[in-house]
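Asker: Just so you know, the sequences run in chain order P and B. Letter 91 of the first sequence, counting from 1, is numbered 91 in the working numbering, and no numbers are missing. Letter 310 of the second sequence, counting from 1, is numbered 310 in the working numbering, and no numbers are missing. Virtual Cβ for every residue (Gly too), placed ideally from N, Cα, C. Got a structure here, written out as C-alpha cells. Questions coming.
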Amino acid sequence: MTQTIQFTLNGKPVRIDVDGERTLLWVLRTDLGLTGAKYGCGEGLCGACTVLVDGEAIRSCQMSAGDVQGKTITTIEGLEKNGQLHPIQEAFVRHDALQCGFCTPGMILKAHSLLSSNPEPTRDDIIHAMDENLCRCGAHVRIIQAVQAASEGMKGGRS
Amino acid sequence: MMRKQDHTGMESNLPASPASLSRREFLKRMGLLSGGLIVYCSVGDSPLFARAPREGFIGSNVPTDFNAFVHIGADNRVTCFVGKIEMGQGPITSFAQMAAEELDVAYESVDMVMGDTDHCPWDAGTWGSLSTRHYGLFVKEAACEAKGVLKELAAEKLSCPVQNLVTKNGMIFDKDRPGSQVSYGDLTAGKIIERHLTDLPPLKSFSEYGISGKPYLRRDSFDKVTGRAKYTADFRVPGMVYAKIVRPPAHGATLLHADTSAAWKIKDVQVIQEGDLIAVLHPDPEIAEKALAAIKTEYDNPKTGIDDQTIFNHLLKNAPHPEIASAAGNLKEGEKQSVSIVEETYFNGYVAHSPMEPHAALALVEGDHATLWASTQTPFGVRQLVSQALGFSLEKVRIITPFVGGGFGGKAASAQAVEAARLSRISGKPVMLVWTRKEEFFLDTFRPAAVVKIRSGIDTSGRMSFWDYQVYFAGKRGCEIFYEIPHHQESVYGEWQIGPGIHPFAVGPWRAPAANTNIYARDLHIHLMASRAGKDPLEFRLDHLKDKRMRKVLETVAAQFGWTASKTPGGRGYGISCGIDAETYVASMAEVEVDRTSGQIQVKRIVCAQDMGQVINPQGAVIQMEGCITMGLGYALTEEVRFSDGRVLDVNFDTYSIPGFSSLPQIETIIVPNSALPPKGGGEPAIVCMGGVLATAVYDATGAKICRLPMTPERVKLALKTAG
Numbered sequence: 001m002t003q004t005i006q007f008t009l010n011g012k013p014v015r016i017d018v019d020g021e022r023t024l025l026w027v028l029r030t031d032l033g034l035t036g037a038k039y040g041c042g043e044g045l046c047g048a049c050t051v052l053v054d055g056e057a058i059r060s061c062q063m064s065a066g067d068v069q070g071k072t073i074t075t076i077e078g079l080e081k082n083g084q085l086h087p088i089q090e091a092f093v094r095h096d097a098l099q100c101g102f103c104t105p106g107m108i109l110k111a112h113s114l115l116s117s118n119p120e121p122t123r124d125d126i127i128h129a130m131d132e133n134l135c136r137c138g139a140h141v142r143i144i145q146a147v148q149a150a151s152e153g154m155k156g157g158r159s
Numbered sequence: 001m002m003r004k005q006d007h008t009g010m011e012s013n014l015p016a017s018p019a020s021l022s023r024r025e026f027l028k029r030m031g032l033l034s035g036g037l038i039v040y041c042s043v044g045d046s047p048l049f050a051r052a053p054r055e056g057f058i059g060s061n062v063p064t065d066f067n068a069f070v071h072i073g074a075d076n077r078v079t080c081f082v083g084k085i086e087m088g089q090g091p092i093t094s095f096a097q098m099a100a101e102e103l104d105v106a107y108e109s110v111d112m113v114m115g116d117t118d119h120c121p122w123d124a125g126t127w128g129s130l131s132t133r134h135y136g137l138f139v140k141e142a143a144c145e146a147k148g149v150l151k152e153l154a155a156e157k158l159s160c161p162v163q164n165l166v167t168k169n170g171m172i173f174d175k176d177r178p179g180s181q182v183s184y185g186d187l188t189a190g191k192i193i194e195r196h197l198t199d200l201p202p203l204k205s206f207s208e209y210g211i212s213g214k215p216y217l218r219r220d221s222f223d224k225v226t227g228r229a230k231y232t233a234d235f236r237v238p239g240m241v242y243a244k245i246v247r248p249p250a251h252g253a254t255l256l257h258a259d260t261s262a263a264w265k266i267k268d269v270q271v272i273q274e275g276d277l278i279a280v281l282h283p284d285p286e287i288a289e290k291a292l293a294a295i296k297t298e299y300d301n302p303k304t305g306i307d308d309q310t311i312f313n314h315l316l317k318n319a320p321h322p323e324i325a326s327a328a329g330n331l332k333e334g335e336k337q338s339v340s341i342v343e344e345t346y347f348n349g350y351v352a353h354s355p356m357e358p359h360a361a362l363a364l365v366e367g368d369h370a371t372l373w374a375s376t377q378t379p380f381g382v383r384q385l386v387s388q389a390l391g392f393s394l395e396k397v398r399i400i401t402p403f404v405g406g407g408f409g410g411k412a413a414s415a416q417a418v419e420a421a422r423l424s425r426i427s428g429k430p431v432m433l434v435w436t437r438k439e440e441f442f443l444d445t446f447r448p449a450a451v452v453k454i455r456s457g458i459d460t461s462g463r464m465s466f467w468d469y470q471v472y473f474a475g476k477r478g479c480e481i482f483y484e485i486p487h488h489q490e491s492v493y494g495e496w497q498i499g500p501g502i503h504p505f506a507v508g509p510w511r512a513p514a515a516n517t518n519i520y521a522r523d524l525h526i527h528l529m530a531s532r533a534g535k536d537p538l539e540f541r542l543d544h545l546k547d548k549r550m551r552k553v554l555e556t557v558a559a560q561f562g563w564t565a566s567k568t569p570g571g572r573g574y575g576i577s578c579g580i581d582a583e584t585y586v587a588s589m590a591e592v593e594v595d596r597t598s599g600q601i602q603v604k605r606i607v608c609a610q611d612m613g614q615v616i617n618p619q620g621a622v623i624q625m626e627g628c629i630t631m632g633l634g635y636a637l638t639e640e641v642r643f644s645d646g647r648v649l650d651v652n653f654d655t656y657s658i659p660g661f662s663s664l665p666q667i668e669t670i671i672v673p674n675s676a677l678p679p680k681g682g683g684e685p686a687i688v689c690m691g692g693v694l695a696t697a698v699y700d701a702t703g704a705k706i707c708r709l710p711m712t713p714e715r716v717k718l719a720l721k722t723a724g
C-alpha cells in the first residue's frame, strides 16, 4: 500500500510516496538513484547492500521501505563531507583494500558501524564484525589493515 | 583520474575500433570525431615494420595502428584504449603505467578507456593472465611509435634533427637549444596522427623504467570507495524496464506448459514469449519479480541419476581418447626399475565462480543498432553473439563494459547480454537484466569436476623412476611434469572446454583452469612418494629438479617459511606445492592445524613466492597473489557445487561457503626478481598451489591422505579413520 515515508538520507530530509512493503535496497537504487548499495545475493547473506540506519549497518535487501520511517539513513554516497573522504574511505584507498570494488561500499559502511560502537577494535574484533560481509576477490588482508588504520586515524574524534 | 567510458551518449570524441571497420572507415570516423584528420604522409594498409606478432585467436584481430591504442589531446592528456576490461585485477593501473612509460608522459596524465567495442582495439577477452604479458606489448609498442612520430613532427616544427630531441613529461626538447621545446598536445592539436614510423625504436629496457616496475596504488579506488564507480546494473536510461526470465528447475528439463495469464494481469507488466525465452518486463524490478512468480510452468525433469557423488564414475565411463601432453622414456621400463609403487586416484568437484556482482546487461536496441552495457570479460565476443542473435552486422552493435564486479573466468560467458538484447528487440524498450544469485549459480559455467589417476615408482636409490599421469576432464594446463623422471607420460582425457553431453550443466574456465586440479593431485602424490622414500618432501622435490627458476622459487619460499628437513608425516602440518602457470613459476608453503575430533582444518600461515619475470606494478602483483591465496582457500576447503539430476542444490551463500575474514591465515608473498624475462602472468599463478599446499600440510600433520577436494570436515575425519 502506498504510504508517505519521511526519513533523513545522507543528511537531507526525504519524503517519498511508495508502497511500504517495497525493499529498501530497490527504493534506494531505483526511486532515489543511489546505486552505491549493491544487489549481491538478495537474502542478506553477502553484505553488498549494506547501509547505515541510525548509524548501524543493516542489509538493505532485508528491510522494507516502511521500516525506515523517521530514521536516518547513510549510504556510501553520503560518507564524504564537503568533498573530503571519510577516514575509512581514505584508509581503503591508501591500503588498496579493494579489487573489483563491488563489496566495497558495504565493507566501508560495516566498518563504520563497527568503529562507531568500538572505536579501537582488535584484529579479532574486526574479523568477527566483518565476517559476514563477503569479498570474492580476496581483499580481506588489506581490508583488515584499512579498518585498523582508520581506527588509528579517527582517534582524534573525527567520524 | 581515469576517464571510463562515456556512458551518457553515443557521440564522443574518441577513435573507433579498427577491428570492426575498414581502415579507411576507422580513420574517417576518428577524423570526424576529432575535428579533422591530419595527413602528414599517406600510407597503405600494410604494416611498416616488425611489430609484436598478431597471431592466433588472441592476437590476429588486434590492430597495428598505434592510434587505436593511444590518443593525445590538445590539452596534453593521453587516452589509452584497450579492449581489456577491469574486474578488480588491476590493468586499469598497469596499462596506464606502460603507456606513460613508453610515451614519456606523467602517469597521472593518462586516462584509460577499456572494453568499449566502438572505441577500443579488439581483444579476445580478459582471461588467462594475458593482459600484461600479451596485450601489454601492443600498448607499449603503440606508445613507443607514437612518441617516435611526435619526435619527427617536433623536428620539423623546431627545425632540428630528430637525434637532438629528448622527451619528458609530454614535452619534446632540443637538447642543444635551451628553450626550444614543444608539447605533444601542441603537435597533435588533439587530432589523429596519420603518420607512422618505418622502424620502431627499441622499447625501453627494464633498467630504464621510471614508472613501470614501481608500485602504484589502484587508480579506481576513489570511485570505488565513494559509490561513484558504475557497474552495469547501475546504469539508467529513459524508459528502461527490468526483465525477469523464466528458468527451468533443472538442467535438461523441458518445458511442457506455461500459463502467463496471471502475470499479464499485473499493471504495466509486459510478458514476452519467443521460442525458449519467456520473460516479464516492468519498470520496477520487484514487480517484475512478482510477475515472474505468477507464471505457472510445468516441466519434464528427466532422472539422470547423476549427482555430485556419482559424477566421477560417470566421467570415467565417458572419457574420450587421451591427448598425450608430454612423455619420455618408457613407462614399462620405469616400472621394472621400481622397488615401490605409489598409486592413487584424486577427485575434484564442480566449483562456482560466484563473483559478488551477478551477470548483468542493459540493452538498448533501436532500429538496426544495438548498444549494450554488459558485465563481461569478453566484450568483443559478446558483440559477436549479439550481432548473430539480432541479425545485425558487427558495426551496428556496441558493447560498453563498465567496471566489472569480479569475473574469475565466469564472465567469459555472458549469456545475459544476448538475453537482454533479444528482450530489448522484441519489446522495443531498453531492458535491464540482472541475474539473481540463484540464476548466477544455476547458469554459471562451473569449473568441471575431474579425476586424476597417478601411478608412479621409486627405484633402489630412492628416486622417482616413472610417472604415469592421467587426468580426466580437468584439462591439460599444469599437468606437465617438470621433475627429472626418466620415464613419464601425462595423458589428458578431455579438456575443460568439452562440450555438452558430459557434464550435467555448462562448464568453463575458472581462475587457472585445469591447473588447480592438476597441481593439487601432483603435489599430494609427490608428498606420498617422498614419504615412501623416507625423504624430506622439499629435498625430495629439489633432488629431482634441474629447472633453475623452479629451484629458485622453492628455495626462496623455504627460506622465508623457515623450512627445516623432516620426514613426512612429521606432525608439523607443513605443506608444499609448486607449479608453472601463465609462464610464471610459483611455490607455496603452508602451516595448518587439524582438529581430529571435528575434522576442521585451520590454516595458520601461507607463504608464496613467484617469479613472474618483469613486474609492471609490484603492488598490484602482490595483491593478485593475496587474492589468489584467499580465493584458493575456498576450492581447497569448502567449495563444491552439489547437484542432483540437473538440479543445482547450492544457490546462495548460505550453503555455498566462500572464504571470509575468519578463514584468513597469515599471508606472506614474495616476488622473486627476474627482470631478464618479459612480464609473465600474475592473475592466476598463486591460486594453483592452494589445493596441493593444504592437502600436503594436512598429510604432514596427520598422515591422512585427502584424495578429494574440497577437504571438508567429513572427508578429513574419514581420511583420519583410514590413516588410523
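#1: Please report the straight-line C-alpha distance between Trp373 (chain B) and Val716 (chain B), rounded to a whole angstrom.
#2: Here's a check: name, in chain order, each residue in its chain whose Cβ is nearer than 6 Å to the Cβ of Val796 (chain B), leaving out the five neighbours to either side.
#3: What is the rounded straight-line gap between the Cα of Arg447 (chain B) and the Cα of Pro513 (chain B)?
#4: What are the partner residues of Ala415 (chain B), as DSSP defines its beta bridges?
#5: Should Pro679 (chain B) and Thr226 (chain B) be called a contact, given that it needs their Cβ atoms to be closer than 8 Å?
#6: When you compare the region 92-103 of chain B with the region 141-157 of chain B, are there three or more beta-carbon pairs, one atom per stretch, that lie closer than 8 Å?
#7: Quick one: give me the first and last residue of the alpha helix (DSSP H) that Ile381 (chain B) is part of.
#8: If we ignore side chains and look at the alpha-carbon of each, how far apart do Leu423 (chain B) and Asp700 (chain B) end up?
#9: How far does the beta strand (DSSP E) with Pro13 (chain P) in it extend, from its first residue to its last?
#10: Decide if the region 76-93 of chain P is in contact with the region 104-122 of chain P; the criterion is three or more beta carbon pairs, one per stretch, under 8 Å apart.
#11: Tell me the start and end of each unbroken alpha helix (DSSP H) in the region 495-566 of chain B that is at least 4 residues and wholly inside, in chain order.
#12: Counting only C-beta atoms, is Arg15 (chain P) closer than 8 Å to chain B at any point?
#13: Report yes if the CB atom of Trp122 (chain B) is closer than 8 Å to the CB atom of Val70 (chain B), and no otherwise.
#14: For Phe441 (chain B), which residues in the same chain have their Cβ closer than 8 Å to its Cβ, ignoring the five residues on either side in sequence?
#15: Starting from the Cα of Asp308 (chain B), find the closest Cα among B:Met356, B:Pro665 and B:His503 and give me that residue.
#16: Starting from the C-beta of Lys175 (chain B), find all residues in its chain whose C-beta is less than 8 Å away, skip the five residues before and the five after it, and write them out in chain order.
#17: Excluding five sequence neighbours on each side, which residues of the same chain lie with their C-beta closer than 7 Å to the C-beta of Pro53 (chain B)?
#18: I'd like the list of long-range same chain contacts for Leu418 (chain B), defined as Cβ closer than 7 Å, with 5 residues on each side in sequence excluded.
#19: For Val139 (chain B), I'd like the list of residues in its chain whose CB is within less than 7 Å of its CB, leaving aside the five on either flank, ordered along the chain.
#20: Could you tell me the alpha carbon to alpha carbon distance between Lys296 (chain B) and Met63 (chain P), rounded to whole angstroms?
#21: Alpha carbon to alpha carbon, what distance is there between Lys155 (chain P) and Tyr635 (chain B)?
#22: Taking only three categories from DSSP, how would you classify Asn617 (chain B)?
#23: Name, going along the chain, the residues of the region 243-255 of chain B whose beta-carbon falls closer than 7 Å to a beta-carbon of chain P.
#24: Using the beta-carbon count (16 or more within 10 Å), is His321 (chain B) buried or exposed?
#25: For the structure I just gave you, are there three or more beta carbon pairs, one from the region 665-681 of chain B and one from the region 534-548 of chain B, closer than 8 Å?
#26: Counting along the chain, where does the beta strand (DSSP E) carrying Val365 (chain B) start and finish?
#27: Spatial neighbours of Val280 (chain B) within its chain, please: C-beta separation below 6 Å, excluding the five flanking residues on both sides.
#28: Quick one: measure Cβ to Cβ for Arg522 (chain B) and Gly692 (chain B), integer angstroms, because I've assumed they're closer than 8 Å.
#29: Check whether the Cβ atoms of Lys411 (chain B) and Ala370 (chain B) sit closer than 8 Å, and answer yes or no.
#30: Taking its Cβ as the centre, do 16 or more other Cβ atoms sit within 10 Å of His257 (chain B), making it buried, or is it exposed?
#31: With distances taken between CB atoms, is the gap from Met114 (chain B) to Glu86 (chain B) smaller than 8 Å?
#32: Express the C-alpha separation of Gly275 (chain B) and Leu694 (chain B) in angstroms, rounding to a whole number.
#33: What separation, rounded to the nearest whole angstrom, lies between the Cα atoms of Gln99 (chain P) and Tyr216 (chain B)?
#34: Who are the Cβ neighbours of Gly70 (chain P) in its own chain at under 8 Å, not counting the five residues just before and after it?
#35: Kindly list, in the order they appear in chain P, the residues whose Cβ is closer than 8 Å to that of Tyr628 (chain B).
#36: Would Leu754 (chain B) and Leu187 (chain B) be called neighbours here (beta carbons separated by less than 8 Å)?
Answerer: This is what the structure gives:
#1: Locating residue 373 (chain B) in the second sequence gives position 373, counting from the first residue. Locating residue 716 (chain B) in the second sequence gives position 716, counting from the first residue. Using only the alpha carbons, I get a separation of about 45 Å.
#2: The question about residue 796 (chain B) has no answer here: the residues shown for chain B are numbered 1 through 724.
#3: Position 447 of the second sequence, counted from the start, is the residue given in the question as residue 447 (chain B). Position 513 of the second sequence, counted from the start, is the residue given in the question as residue 513 (chain B). Their Cα atoms are separated by approximately 7 Å.
#4: The residue you call residue 415 (chain B) lines up with position 415 of the second sequence. Beta-bridge pairing links Ala415 (chain B) to no other residue.
#5: Locating residue 679 (chain B) in the second sequence gives position 679, counting from the first residue. Locating residue 226 (chain B) in the second sequence gives position 226, counting from the first residue. Contact flag unset, no.
#6: By the criterion of at least three beta-carbon pairs nearer than 8 Å, the region 92-103 of chain B is in contact with the region 141-157 of chain B.
#7: Residue mapping note: residue 381 (chain B) aligns to position 381 of the second sequence, counting from 1. One point to set straight first is that residue 381 (chain B) is Gly, not Ile, in the sequence displayed. Note, Gly381 (chain B): alpha helix (DSSP H), Pro379 to Leu390.
#8: Residue mapping note: residue 423 (chain B) aligns to position 423 of the second sequence, counting from 1. Residue mapping note: residue 700 (chain B) aligns to position 700 of the second sequence, counting from 1. Approximately 56 Å between the Cα atoms of the pair.
#9: Your numbering for residue 13 (chain P) matches position 13 in the first sequence. Pro13 (chain P) -> beta strand (DSSP E) spans Lys12 to Asp19.
#10: yes
#11: 515-533, 537-543 and 548-561
#12: As a working mapping, residue 15 (chain P) is identified with position 15 in the first sequence. Not an interface residue.
#13: Along the second sequence, read from residue 1 onward, the residue named residue 122 (chain B) stands at position 122. Along the second sequence, read from residue 1 onward, the residue named residue 70 (chain B) stands at position 70. The answer is no: Cβ separation not under 8 Å.
#14: Here residue 441 (chain B) corresponds to residue number 441 of the second sequence, with the count starting at 1. Closer than 8 Å at Cβ, skipping near neighbours: Ala352, Ser354, Val641, Val648, Asp650, Val651, Asn652 and Tyr656.
#15: By 1-based counting over the second sequence, the position of residue 308 (chain B) is 308. Residue B:His503 is the option with its Cα nearest to Asp308 (chain B).
#16: Position 175 of the second sequence, counted from the start, is the residue given in the question as residue 175 (chain B). Closer than 8 Å at Cβ, skipping near neighbours: Asn164, Leu165 and Val166.
#17: The residue labelled residue 53 (chain B) in the question sits at position 53 within the second sequence. If we look at Pro53 (chain B) and ignore the five residues flanking it on each side, its Cβ neighbours are Gly59.
#18: Position 418 of the second sequence, counting from 1, holds the residue named residue 418 (chain B). It should be noted that the sequence gives Val, not Leu, for residue 418 (chain B). So the qualifying residues of the chain are Leu385, Val386 and Ala389.
#19: Taking the first residue of the second sequence as position 1, residue 139 (chain B) is located at position 139. If you ignore the 5 residues before and after Val139 (chain B), its C-beta comes within less than 7 Å of the C-beta of Phe69, Cys80, Val82, Phe95, Met98 and Ala99, all in its own chain and listed in chain order.
#20: Taking the second sequence and counting its residues from 1, the one referred to as residue 296 (chain B) is at position 296. Taking the first sequence and counting its residues from 1, the one referred to as residue 63 (chain P) is at position 63. Using only the alpha carbons, I get a separation of about 28 Å.
#21: Locating residue 635 (chain B) in the second sequence gives position 635, where the first residue counts as 1. Locating residue 155 (chain P) in the first sequence gives position 155, where the first residue counts as 1. Straight-line Cα distance between these residues: approximately 40 Å.
#22: Mapped onto the second sequence, residue 617 (chain B) falls at position 617. In this structure, Asn617 (chain B) counts as coil in the three-state DSSP scheme.
#23: none
#24: Here residue 321 (chain B) corresponds to residue number 321 of the second sequence, with the count starting at 1. Counting Cβ neighbours within 10 Å, His321 (chain B) comes out exposed, since fewer than 16 surround it.
#25: no
#26: Along the second sequence, one-based indexing puts residue 365 (chain B) at 365. Element bounds for Val365 (chain B): Ala360 to Glu366.
#27: Mapped onto the second sequence, residue 280 (chain B) falls at position 280. Lys244, Ala263, Val269, Val271, Ala288, Ala291 and Leu292.
#28: By one-based count along the second sequence, residue 522 (chain B) stands at place 522. By one-based count along the second sequence, residue 692 (chain B) stands at place 692. Between Arg522 (chain B) and Gly692 (chain B), the beta carbon gap of about 7 Å places them in contact (Cβ cut-off 8 Å).
#29: Reading the second sequence from its first residue, position 411 is the one you call residue 411 (chain B). Reading the second sequence from its first residue, position 370 is the one you call residue 370 (chain B). Not closer than 8 Å, so no.
#30: Here residue 257 (chain B) corresponds to residue number 257 of the second sequence, with the count starting at 1. By the neighbour-count rule (16 or more Cβ atoms within 10 Å), His257 (chain B) is not buried but exposed.
#31: For the purposes of this step, residue 114 (chain B) is identified with residue 114 of the second sequence, where counting begins at 1. For the purposes of this step, residue 86 (chain B) is identified with residue 86 of the second sequence, where counting begins at 1. Yes, these two residues count as a Cβ contact at 8 Å.
#32: As a first step, residue 694 (chain B) is located in the second sequence; it is residue number 694 there, counting from the start. As a first step, residue 275 (chain B) is located in the second sequence; it is residue number 275 there, counting from the start. Cα-Cα distance, rounded: 48 Å.
#33: The residue you call residue 99 (chain P) lines up with position 99 of the first sequence. The residue you call residue 216 (chain B) lines up with position 216 of the second sequence. Their Cα atoms are separated by approximately 14 Å.
#34: If you number the first sequence from 1, residue 70 (chain P) lands on position 70. Cβ neighbours of Gly70 (chain P) beyond the five flanking positions: Gln6 and Phe7.
#35: Position 628 of the second sequence, counting from 1, holds the residue named residue 628 (chain B). The sequence shown places Cys at residue 628 (chain B), rather than the Tyr named in the question. Within chain P, the residues near Cys628 (chain B) are Gly138.
#36: Residue 754 (chain B) cannot be examined here, being either before or after the span of chain B that is shown, 1 to 724.
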